[in-house]
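What follows is a single structure, written as structure tokens, with notes after it.
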Amino acid sequence: MSAPQSIDDLMAQALVMEREAVARYTELAEMMEAHNNLEVAELFRKMAEYEGHHATKIAADMGWADEQVSDAAGAWATPEAPESVPIDEMHYLMHPWHALQLALGAEQRAVEFFDALVRTATDERVRRAAEEMRDEEVEHVALVKAWLAKVPKPDADWAVDPDPPRHAD
Amino acid sequence: MNDMTAPIAFTPADFKSDYKPIWCPGCGDYTVLSSLTKALAKLQRAPHEVAVVSGIGCSSRIPAYTTCYGFHGVHGRALAAGTGLKVARPDLTVIVAGGDGDGYSIGGNHFLHACRRNVDMTYLVMDNHVYGMTKGQASPTTEPDWDNKLSPGGTGIRSFHPLVIALASGANFVARAFSGDPNGTADTIAQAISHPGFSFVEILSPCVTFRPDQRRWKELVHPAPVAETDDPARAARRIMTDDGFNIGVLYAGRRPGYAPRHPASATPADIEQEFALP
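Here the protein sequences line up with chains Z and L, keeping their order. Residue numbering for the first sequence follows the working numbering, beginning at 1 and increasing consecutively. Residue numbering for the second sequence follows the working numbering, beginning at 1001 and increasing consecutively.
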């Protein structure tokens, strides 16, 4: 990823990251709705809403219309934006506990992303802004952990389906 | 720096329809859809200027999930339909999409000749090395030793090599992408659409239901170690010797795309003149 040289660059990257997270959580919610896993779908909808608030706040603070920031701003070294949950982690029988584990991983990657910027920023204003963003993500990690503590861990056989889609082996 | 002042006419969301995908959770095709919408937004093509044509299979459901014109055709015949559409309506951006079974087996012959004709369109194949919609039979790109109940001990048949076939048959752009890299895939699709002639993008798109072993693909893919070439001989050597997980544009040729002898606006009377006796 190209290191941000200005506050505008940094916040554009943050905004793209949040927008990608919103798009992904929405996609995951739709995926679960299509497979009638409504409890997990609702959880992903909530995550999309939270990330959406964050994106709106960044855009408002910077005085940007959302559509003015091109996706090209997020030139990640990783294949996906740090806060996006990988699609291939989904399972149609997954429980809210699994969904929250994935959300926790996404928030932790966001912390690491901003932390790396704090350590490498050459501009002091950029470094401070990255620090603020990192601290916000640390709060999100704590929130997801608190949520996770209220959710039961599924039994070991959670993925066993008496009528599975595959009979190949 | 990112230009904050230029409004963007079309965003990826503008290319997503209200129909929600019913692919299995975890399927790579979700991110291919996302990459396609990102590519179209990047190119700023209006949805009504784009047609997405498909055959049959899980991935061939993709036209319904976009706001572009769509045609969900018969099995293996997407390239034939797409070719006809592009020749009749050269103003449209034609994207043909489907899976490995649809494109390399049922539609294998159309694949060869679409490459040969070099009509200016883009072919996206979401390759998961299996027939997913019909519950997991071996496809042309399945590894010969893939052992399962439907082909015990594996088929023992050498896998089809789509990129080599495409290159040898005359495709003007050959690339491989991975669904787990949606932004990279979007860039490759955008490049394929912009390149003249027939562009072929093989997208490794795991089937987590029938090929859960493909979750490992994200650890195996890597950027192609050398830059794209316009030399078919170099491209052939590279594609024949790679490990199947090189991601990127492998060949971008200079062959002019097919141009119909008659303009799309020609009437039957215009065409008949060619056959008029002196």
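Note that CB positions come from ideal geometry on N, CA and C, so glycine has one too. This one's a predicted model, so the numbers in the text were calculated from it and none came from an experiment.
Checklist line | Beta-carbon proximity list for L/Gly-1180, same chain, < 6 Å, skipping 5 on both sides | finding: Cβ within range, chain order: Lys-1218.
Next item on the list: Give a yes or no on whether the C-beta atoms belonging to L/Gly-1156 and L/Pro-1144 are separated by under 8 Å.
Entry: Using a Cβ distance threshold of 8 Å, L/Gly-1156 and L/Pro-1144 count as a contacting pair.
Notebook entry, point to check: At what residue ranges does the stretch 1061–1121 of chain L contain a whole run of the beta strand (DSSP E), taking only runs of 3 or more?
Noted result: 1069–1072 and 1093–1099
Margin query: What does the alpha-carbon distance come out to for the pair L/Arg-1176 and L/Pro-1268?
Written below: 41 Å
Next item on the list: Answer yes if the stretch 1147–1165 of chain L comes into contact with the stretch 1078–1092 of chain L, meaning at least three C-beta pairs across the two stretches below 8 Å, and no otherwise.
Entry: no
Check: How big is the Cα-Cα spacing for L/Arg-1255 and L/Arg-1211?
Finding: 37 Å
Next item on the list: Please name the residue or residues paired with L/Lys-1016 in a DSSP beta bridge.
Entry: L/Thr-1066
Item checked: Nearest neighbour of L/Leu-1124, chosen from L/Thr-1185, L/Asp-1014 and L/Ala-1168 [CA to CA] -> L/Thr-1185
Next item on the list: Could you name the residues of chain L that Z/Pro-162 contacts, counting a contact when the two beta carbons are closer than 7 Å?
Entry: Chain L residues near Z/Pro-162: none, gap ~16 Å exceeds 7 Å.
Notebook entry, point to check: If you scan the stretch 1121–1181 of chain L from start to end, which runs of the beta strand (DSSP E) of 3 or more residues do you find wholly inside it?
Noted result: With a minimum length of 3 residues, the continuous beta strand (DSSP E) runs that stay inside the stretch 1121–1181 of chain L are 1122–1127 and 1173–1178.
Check: Are the beta-carbon atoms belonging to L/Pro-1225 and L/Ile-1247 less than 8 Å from one another?
Finding: No. Outside cutoff.
Notebook entry, point to check: Would you say Z/Tyr-25 reaches chain L, if we count a Cβ-Cβ gap shorter than 8 Å as a contact?
Noted result: no
Check: Which two residues bound the contiguous alpha helix (DSSP H) that contains L/Tyr-1030?
Finding: Unbroken alpha helix (DSSP H) run through L/Tyr-1030: 1029–1043.
Checklist line | Chain-order list of residues whose beta-carbon lies under 6 Å from that of L/Gly-1099 (same chain, five-residue window excluded) | finding: Gly-1057, Ser-1059 and Met-1126
Note to self: For the beta strand (DSSP E) containing L/Tyr-1251, name the first residue and the last one.
What the structure shows: 1246–1252
Check: At a Cβ threshold of 8 Å, is L/Lys-1020 touching chain Z?
Finding: Cβ-Cβ to chain Z under 8 Å: yes for L/Lys-1020.
Notebook entry, point to check: Can you give the beta carbon distance from Z/Val-85 to Z/Leu-15, rounded, assuming they're within the 8 Å contact cut?
Noted result: No, Z/Val-85 and Z/Leu-15 are not in contact; Cβ-Cβ is about 18 Å, not under 8 Å.
Checklist line | Classification of L/Tyr-968 by the beta-carbon crowding that lies within 10 angstroms, buried from 16 upward | finding: It is not possible to answer for residue 968 of chain L, since the shown part of chain L is limited to 1001 through 1278.
Check: When we look at the beta-carbon of L/Thr-1142 and count the other beta-carbons within 10 Å, is it buried (16 or more) or exposed?
Finding: buried
Next item on the list: Return the bridge partner residues of L/Ala-1051 from the DSSP annotation.
Entry: L/Tyr-1069 and L/Val-1094
Notebook entry, point to check: Who are the near neighbours of L/Met-1001 in its chain, counting only those whose CB is closer than 8 Å to its CB and skipping five residues on each side?
Noted result: For L/Met-1001, the predicted model reports a pLDDT of 44, less than 50, meaning its position is unreliable; a value from the coordinates is still stated below. There are no such residues.
Item checked: Status (buried if at least 16 other CB within 10 Å, exposed otherwise) for L/Phe-1275 -> exposed
Next item on the list: Could you name the residues of the stretch 89–101 of chain Z whose beta carbon sits closer than 8 Å to any beta carbon of chain L, in the order they occur along the chain?
Entry: Glu-89, Met-90, His-91, Tyr-92 and Met-94
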